[in-house]
Amino acid sequence: MNRHILSVLVENQSGVLSRVSGLFSRRGYNIDSLSVGETENPKISRMTIVVQGDDHILEQIKKQLNKLIDVIKVAELDVHQSVFRELALIKVKTTMAARASIIEIVDIFRAKIVDVANDTLTVEMTGDEEKIEAFINIMAPYGIVEIVRTGLSAIERGNKEIKKYEED
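Take -13 as the starting number for the sequence shown in the numbering used here and just add one per residue.
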């Protein structure tokens, strides 16, 4: 099965997220990642949805999304023509002896320490999924206490845009 990243413009109204996620659950499709937020137009939100499936499943998902009244536009993002980022907060066990090496690794990954406790450091990291996974793998021997991830956010590169809606 292939991984697909959809950028979905929707009306910024209550209940839209529930209707979109309900569509997936009713059809038995799993959402691997979902992030949503207001766009440059406060009346419109952008959902970035990551799903697994073959081309037939993808077409069904797109057709079903386009049937929802709140959906303005659905576009599949090309991995070579788009920028993808995720935010992760990673809480790592630490001792006084290990703290310096953890801080050095954090610097190499251009991450940021956002909380320090006696026995843990909380690291904020943004990047593509591979970078975050690599950091998590390097931190695993120190002991990961907790991870929180936002899910993928994505935008097309350059002057390409998927907003094909009328501005009021």
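Here a beta-carbon is modelled for each residue, glycine too, at the ideal position from N, C-alpha and C.
Around the CB of Lys53, fewer than 16 other CB atoms lie within 10 Å, so the residue is classed as exposed. Taking 9 Å as the cut-off, the Cβ atoms of Phe10 and Ile55 do not count as close. Of the other Cβ atoms in all chains shown, fewer than 16 fall within 10 Å of the Cβ of Glu90; this residue is therefore exposed. Distances from the CA of Thr106 to each of Glu115, Asp114, Ile133 were compared; the closest alpha carbon is that of Ile133.
Selection Ile58, Ile94, Asp114, Arg143 evaluated against Ile124 yields Ile94 as nearest (Cα-Cα). Per DSSP, reduced to three states, the secondary structure at Phe95 is coil, with no helix or strand assignment. Nearest in C-alpha terms to Val22, of all of Ala103, Ser139, Asn145, is Ser139. For Arg32, the beta-bridge partners assigned by DSSP are Leu(-5), Gly23. Rounded to whole angstroms, the separation of the alpha carbons of Ala84 and Gly14 is 45 Å. The shortest CA-to-CA distance from Ser19 to any of Asn27, Arg12, Pro127, Phe70 is the one to Phe70. Where Ile133 is concerned, the enclosing beta strand (DSSP E) starts and stops at 130 to 135.
The criterion of a C-beta distance shorter than 9 Å is not satisfied by Leu73 and Val109.
Within 10 angstroms of the beta-carbon of Met(-13) lie fewer than 16 other beta-carbons, which makes it exposed. Comparing alpha-carbon positions, the option among Thr34, Thr80, Glu116, Asp41 lying closest to Ile17 turns out to be Thr34.
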